[in-house]
Amino acid sequence: MSEVGYTVISRPKRGTTQYGVDVAATGPHPETGEKAMFLLSIKSGNLARDEWATGKQALRPSLEEILDVYIPKHVSKRYQQMPKIIALCFGGDIEEDVRPRIDGFIDKQTVPNEIEFAEWNGDYIADLIASGLLRENIFSKALQTSFRKAVALVDEPAVCYSHFRDLLDGLTANAPQKPADRLRIARQIYLATWTVFVWCRDADNLEAAYRCSVLATLRMWDLCKEHFSPKKNGAKTC
170 MSEVGYTVIS RPKRGTTQYG VDVAATGPHP ETGEKAMFLL SIKSGNLARD EWATGKQALR
230 PSLEEILDVY IPKHVSKRYQ QMPKIIALCF GGDIEEDVRP RIDGFIDKQT VPNEIEFAEW
290 NGDYIADLIA SGLLRENIFS KALQTSFRKA VALVDEPAVC YSHFRDLLDG LTANAPQKPA
350 DRLRIARQIY LATWTVFVWC RDADNLEAAY RCSVLATLRM WDLCKEHFSP KKNGAKTC
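Quick note on our numbering: the sequence shown kicks off at 170 and runs consecutively.
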């Protein structure tokens with residue numbers, strides 16, 4: 170989330186009770202632009218009846234924990250006055266038979282300007298990534314142009330690949346030595362590759378996504394291979 174303009178204040182941790190919140194962050198309110206606190210409850214795949222109400226990974230119990238415990242007991246004083254946006258995050262879509270239950274829950278629990286809800290499905294997250302990647306602090310203007318053209322021309326795989334290669338050339342031309350800086354570049358490559366895939370999927374033509382993914386994998390290896398050398402820091406080969 171930090172790559173797309175949010176300030177992450179809490180991440181998932183093993184062995185600790187999360188009270189329904191997988192990630193907590195601050196960022197601009199989607200309607201007012203004012204600073205708000207986002208509480209993300211993350212589930213995989215489509216949201217069906219079982220994933221909504223029953224089981225250890227069900228979403229509704231997580232949302233109830235956020236409302237009953239996390240917000241009143243675990244929010245720092247510095248964030249208490251911010252609007253709270255509880256984001257339902259899932260990789261697929263909400264199935265039709267569970268939609269009325271979710272809408273009813275949200276309508277009942279919403280308190281305007283205090284507690285609100287948002288749905289972040291796979292397509293929304295992909296759009297969020299794309300918009301974040303086009304910000305000046307993510308890519309330079311020259312690289313923004315290459316990225317835009319790669320995404321816009323996914324139905325012409327050879328042209329898309331050419332612009333994507335230009336993007337990766339620009340990112341890795343002078344690869345930094347610090348592992349943290351290399352990791353940042355690797356994340357940028359990953360996000361750009363994922364965005365190309367989403368647009369290819371929507372265009373029903375995955376050829377460009379395949380070709381760009383191969384190139385991205387090779388460039389990722391160039392960035393990280395030194396850290397797998399048996400001669401460096403006692404590292405073991407993989």
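Quick reminder that beta carbons are idealized off the backbone N, C-alpha and C, glycines included.
Would you kindly report the start and end of the unbroken beta strand (DSSP E) that includes residue i?
i           : result
residue 197 : 192-197
residue 274 : Residue 274 -> not in any beta strand (DSSP E); alpha helix (DSSP H) instead, spanning 268-278.
residue 256 : 253-259
residue 205 : 204-212
residue 263 : It is not in any beta strand (DSSP E) - residue 263 carries neither H nor E in the DSSP assignment.
residue 176 : 176-179
So, at 7 Å on beta carbons, what are the nonlocal neighbours of residue i in its own chain, with the 5 sequence-adjacent residues on each side left out?
i           : result
residue 189 : 210, 231, 232, 234, 235 and 239
residue 348 : 396
residue 243 : 188
residue 164 : The structure shown does not extend to residue 164, since the chain is modelled only from 170 through 407, so no value can be given for it.
residue 331 : none
Since residue i contacts residue j with CB under 8 Å, what's their CB separation in whole angstroms?
i           : j           : result
residue 375 : residue 357 : Going by Cβ atoms, the distance from residue 375 to residue 357 rounds to 22 Å, so no, they are not a contact pair.
residue 362 : residue 382 : 6 Å
residue 248 : residue 195 : 7 Å
residue 380 : residue 326 : 6 Å
residue 319 : residue 333 : 4 Å
According to DSSP, is residue i helix, strand or coil?
i           : result
residue 315 : helix
residue 244 : coil
residue 384 : helix
residue 285 : strand
residue 347 : coil
residue 333 : helix
residue 231 : helix
residue 201 : coil
residue 216 : strand
residue 238 : helix
residue 394 : helix
residue 366 : helix
residue 379 : helix
residue 357 : helix
residue 322 : coil
residue 341 : helix
residue 188 : coil
residue 291 : helix
residue 373 : coil
residue 310 : helix
residue 403 : The pLDDT assigned to residue 403 is 49, lower than 50, so where the model puts this residue is not dependable, and the model offers no usable value.
residue 305 : Its pLDDT being 41, under 50, residue 305 is placed unreliably by the model, and the measurement read from it follows with that caveat. Of the three classes helix, strand and coil, the one that applies to residue 305 here is coil, per DSSP.
Once you ignore the five residues that flank residue i on each side, which residues in its own chain have a CB closer than 8 Å to its CB?
i           : result
residue 289 : 209, 256, 257, 258, 259 and 297
residue 263 : 215, 216, 271, 288 and 290
residue 227 : 219, 220 and 221
residue 193 : 177, 178, 179, 206, 207, 208 and 209
residue 198 : 204, 205, 252 and 254
residue 351 : 344, 345, 392 and 393
Going along the chain, which residues of its own chain have a beta-carbon closer than 6 Å to the beta-carbon of residue i, five neighbours each way excluded?
i           : result
residue 337 : 388
residue 284 : 253
residue 385 : 358 and 362
Exercise. Taking 8 Å as the threshold, find out whether the region 358-374 comes into contact with the region 342-350 through three or more Cβ pairs.
Key: Remark: fewer than three beta-carbon pairs, one from each stretch, lie closer than 8 Å, so the region 358-374 and the region 342-350 are not flagged as touching.
Quiz item: If you pair each beta-carbon of the region 222-231 with each one of the region 240-254, do three or more pairs fall below 8 Å?
Solution: No: the two stretches stay apart, fewer than three of their Cβ pairs being nearer than 8 Å.
Practice problem: Check whether the region 309-318 touches the region 273-290, counting contact only when three or more Cβ pairs, one atom from each stretch, lie closer than 8 Å. | Solution: Taking 8 Å as the limit for Cβ pairs, the verdict is that the region 273-290 does not touch the region 309-318.
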